[in-house]
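**Student:** There's a structure below that I have some questions on.
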Amino acid sequence: MTPIQHTATEPESGNEIGQDESAVTPEAEGYLSQARTIEMILERSKRKNRTVPIRRAFVQLGERPGTRPGALKSLVASRQERALDLYLLVAAITGANDHSVTEWSTTWARTIGIFDEKTGAPAVSRSWKALKDLGLITTARGSQRRTTVTKRMEDGSGPYAPPENVGEKYLQLPYAYWENDLHTKLSLPGKAMLLIAYAQRKNKFALVQAKISEWYGLAQKTVAAGTDDLVQHGVLEPAGFEYFDSLAVRSGRGSRPLYRLVPPFHQRGLPQKGLEDFFDRKVSEK
DNA sequence: ATCACCTATGGCCAAATAAA
DNA sequence: TTTATTTGGCCATAGGTGAT
């Protein structure tokens with residue numbers, strides 16, 4: 021496919037003297053905007069359902085009980101927000117063929133909001149390194165000296181393979197994530213909790229701090245901050261309570277708040293009937 | 001809830017490396 | 001030789017984590 025083209029008005033190197041270094045907005049004239057750059061990348065992905073499938077192993081390894089945190093935990097703990105941003109875009113654009121993508125580092129830099137070519141390239145390169153260390157991608161020199169990024173399995177275990185069996189657990193990240201600017205609005209904990217919310221694969225789900233922290237490896241504080249962030253930005257909303265029997269409370273009945281993702285951030289294709297209805301009956305809508 | 005710790009990020013500059 | 005990417009050094013500090 022054709023690479024993202026630099027616009028004709030983009031200054032050639034050596035021709036930047038005329039550019040005023042001050043009073044130039046980040047998304048200065050002559051540069052593709054962050055939003056438009058991402059838009060073009062998503063267009064190229066040609067995913068019909070406009071969602072990015074990511075194996076759940078990215079957030080959580082193995083099945084409960086006895087699960088271990090996935091790569092997401094490492095990215096959050098080391099504050100690799102840009103690496104996460106780039107990874108999600110790479111996941112979006114690397115399709116069925118060779119699972120790789122070749123772009124200019126300046127293109128990637130724009131997707132994470134860096135328009136200064138001096139600092140953009142090192143920032144992108146260092147993000148690739150963080151992802152490589154987790155085994156999520158490999159890089160190689162591509163055509164025109166660009167970097168070819170190849171996606172690997174979401175648990176870092178080996179070369180990427182498309183889904184084989186129907187039972188594989190995926191989360192679906194909708195394009196609405198970028199189209200509604202969540203990639204710039206949300207904090208890193210917010211982004212992490214969003215992916216965790218998607219990994220629940222239910223219309224309504226609990227986000228018990230202690231459990232989320234245990235399963236996904238984030239500090240409880242980070243879980244709380246991320247959940248708050250999502251609620252603040254109207255991505256997540258309370259959805260009543262779930263009641264359960266418990267000897268740990270005096271009444272013998274415990275409860276915990278449920279959440280749901282607000283359209284257009286909700287996940288399509290989840291079971292709407294059957295089990296979901298069954299559980300809904302035990303849930304009192306507030 | 002508040003505090004302090006501490007590590008790695010990010011910004012900047014520059015040099016090294018690698019491809020064309 | 002030119003151009004794009006990678007890496008290294010330096011430093012301030014944001015922010016995730018753990019303790020009080």
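Converting from the first sequence to the working numbering requires adding 20 to each position, the first position being numbered 1. A virtual CB, placed ideally from N, CA and C, is assigned to each residue, including glycine.
If I follow the unbroken beta strand (DSSP E) through residue 61, where does it start and stop?
**Tutor:** Against the first sequence, residue 61 aligns to sequence position 41. Not the beta strand (DSSP E): residue 61 falls in the alpha helix (DSSP H), residues 54-65.
**Student:** Shortest alpha-carbon distance to residue 87 belongs to which of 231, 252 and 269?
**Tutor:** For this step, residue 87 is matched to residue 67 along the first sequence. The shortest C-alpha to C-alpha distance from residue 87 to any of 231, 252 and 269 is the one to 231.
**Student:** Taking only the alpha-carbon atoms, compute the straight-line gap between residue 264 and residue 208 and give it to the nearest angstrom.
**Tutor:** Here residue 264 refers to the residue found at position 244 of the first sequence. Here residue 208 refers to the residue found at position 188 of the first sequence. If I take the Cα positions, the gap works out to 32 angstroms.
**Student:** DSSP beta-bridge partners for residue 192?
**Tutor:** Working through the first sequence from its first residue, we reach residue 192 at position 172. Its beta-bridge partners are 73.
**Student:** DSSP three-state call for residue 206: helix, strand or coil?
**Tutor:** By 1-based counting over the first sequence, the position of residue 206 is 186. Coil.
**Student:** With DSSP collapsed to three states, give me the class of residue 80.
**Tutor:** Here residue 80 corresponds to residue number 60 of the first sequence, with the count starting at 1. Strand.
**Student:** What is the rounded straight-line gap between the Cα of residue 189 and the Cα of residue 74?
**Tutor:** The sequence position of residue 189 within the first sequence is 169, counting from 1. The sequence position of residue 74 within the first sequence is 54, counting from 1. When rounded, the distance between both Cα atoms is 9 angstroms.
**Student:** Measure the alpha-carbon distance for residue 136 versus residue 84 and round it to whole angstroms.
**Tutor:** If you number the first sequence from 1, residue 136 lands on position 116. If you number the first sequence from 1, residue 84 lands on position 64. Residue 136 and residue 84: Cα-Cα distance of roughly 45 angstroms.
**Student:** Just verifying my parser: in three-state terms, what is the DSSP assignment at residue 157?
**Tutor:** Mapped onto the first sequence, residue 157 falls at position 137. Strand, per DSSP.
**Student:** In this structure, does DSSP put residue 43 in helix, strand or coil?
**Tutor:** Here residue 43 is taken as the residue at index 23 of the first sequence, counted from 1. Any reading at residue 43 must be qualified, since the residue scores a pLDDT of 33, below 50, and its modelled position is unreliable; the value itself is stated next. If DSSP states are grouped into helix, strand and coil, residue 43 belongs with coil.
**Student:** So, at 8 angstroms on beta carbons, what are the nonlocal neighbours of residue 215 in its own chain, with the 5 sequence-adjacent residues on each side left out?
**Tutor:** To locate residue 215, count along the first sequence from 1; it is residue 195. Contacts found: 74, 78, 79, 92, 191 and 193.
**Student:** Contact between the segment 146-164 and the segment 100-120: three or more CB pairs below 8 angstroms?
**Tutor:** Here the segment 146-164 lies against the segment 100-120, with 3 or more beta-carbon pairs under 8 angstroms apart.
**Student:** Which residue's Cα is closest to the Cα of residue 229: 204, 222 and 239?
**Tutor:** Counting from one through the first sequence, the residue named residue 229 turns up at place 209. Looking at the Cα atoms, 239 is the closest of the given residues.
**Student:** Cβ atoms of residue 160 and residue 141: under 9 angstroms apart, would you say?
**Tutor:** For the purposes of this step, residue 141 is taken as residue 121 along the first sequence, with counting starting at 1. For the purposes of this step, residue 160 is taken as residue 140 along the first sequence, with counting starting at 1. Cβ atoms of residue 141 and residue 160: not closer than 9 angstroms.
**Student:** Touching or not, the segment 252-264 and the segment 273-283, by the rule of three or more beta carbon pairs under 8 angstroms?
**Tutor:** yes
**Student:** I'd like to know whether the C-beta atoms of residue 131 and residue 252 end up nearer to each other than 9 angstroms.
**Tutor:** As a first step, residue 131 must be located in the first sequence, where it is residue number 111. As a first step, residue 252 must be located in the first sequence, where it is residue number 232. Using a Cβ distance threshold of 9 angstroms, residue 131 and residue 252 do not count as a contacting pair.
**Student:** So, are the CB atoms of residue 235 and residue 89 less than 9 angstroms apart?
**Tutor:** For the purposes of this step, residue 235 is identified with residue 215 of the first sequence, where counting begins at 1. For the purposes of this step, residue 89 is identified with residue 69 of the first sequence, where counting begins at 1. Contact: yes.
**Student:** Starting from the C-beta of residue 162, find all residues in its chain whose C-beta is less than 7 angstroms away, skip the five residues before and the five after it, and write them out in chain order.
**Tutor:** Walking along the first sequence from the start, residue 162 turns up at place 142. The residues are 122 and 168.
**Student:** Figure out for me which residue from 241, 224, 106 and 138 has the closest Cα to the Cα of residue 276.
**Tutor:** Along the first sequence, one-based indexing puts residue 276 at 256. Cα-wise, what sits closest to residue 276 is 224.
**Student:** In the DSSP assignment, find the alpha helix (DSSP H) that holds residue 125 and state where it starts and stops.
**Tutor:** The count along the first sequence starts at 1 and reaches residue 125 at position 105. 125-131 is the extent of the alpha helix (DSSP H) around residue 125.
**Student:** Let me know the secondary structure DSSP gives residue 144 once reduced to three states.
**Tutor:** As a working mapping, residue 144 is identified with position 124 in the first sequence. Here residue 144 sits in helix by DSSP.
**Student:** Less than 9 angstroms between the C-beta atoms of residue 69 and residue 288, yes or no?
**Tutor:** As a first step, residue 69 must be located in the first sequence, where it is residue number 49. As a first step, residue 288 must be located in the first sequence, where it is residue number 268. In contact: residue 69 and residue 288 (Cβ atoms closer than 9 angstroms).
**Student:** If contacts are defined as beta-carbon pairs under 8 angstroms, then residue 125 and residue 144 qualify, I think. What distance do you get, rounded to the angstrom?
**Tutor:** Counting from 1 along the first sequence, the entry for residue 125 is found at position 105. Counting from 1 along the first sequence, the entry for residue 144 is found at position 124. That pair is a contact at about 5 angstroms.
**Student:** Considering only residues of the same chain and omitting the five flanking positions on each side of residue 203, which have a CB-CB separation below 8 angstroms?
**Tutor:** Walking along the first sequence from the start, residue 203 turns up at place 183. Taking C-beta separations shorter than 8 angstroms and ignoring five residues to either side along the sequence, the partners of residue 203 in its chain run 58, 105, 108, 197 and 211, following chain order.
**Student:** Going by other Cβ atoms of all chains shown within 10 Å of its Cβ, with 16 needed for buried, is residue 246 buried or exposed?
**Tutor:** Position 226 of the first sequence, counting from 1, holds the residue named residue 246. Buried: at least 16 other Cβ atoms inside 10 Å.
**Student:** Going by Cα to Cα distance, which pick from 233, 183, 127 and 261 is closest to residue 166?
**Tutor:** Taking the first residue of the first sequence as position 1, residue 166 is located at position 146. Among 233, 183, 127 and 261, the Cα nearest to that of residue 166 is on 127.
**Student:** Taking 8 angstroms as the cut-off, is the CB of residue 54 close to at least one heavy atom of the ligand MN?
**Tutor:** The model on display carries no ligand, and the ligand MN is accordingly not part of it.
**Student:** Checking the sheet assignment: what are the DSSP bridge partners for residue 263?
**Tutor:** Walking along the first sequence from the start, residue 263 turns up at place 243. According to DSSP, residue 263 bridges with 275.
**Student:** Counting C-beta neighbours from all protein chains within 10 Å, is the total for residue 112 16 or more, i.e. buried, or is it exposed?
**Tutor:** Counted from its first residue, the first sequence places residue 112 at position 92. So residue 112 ends up on the buried side.
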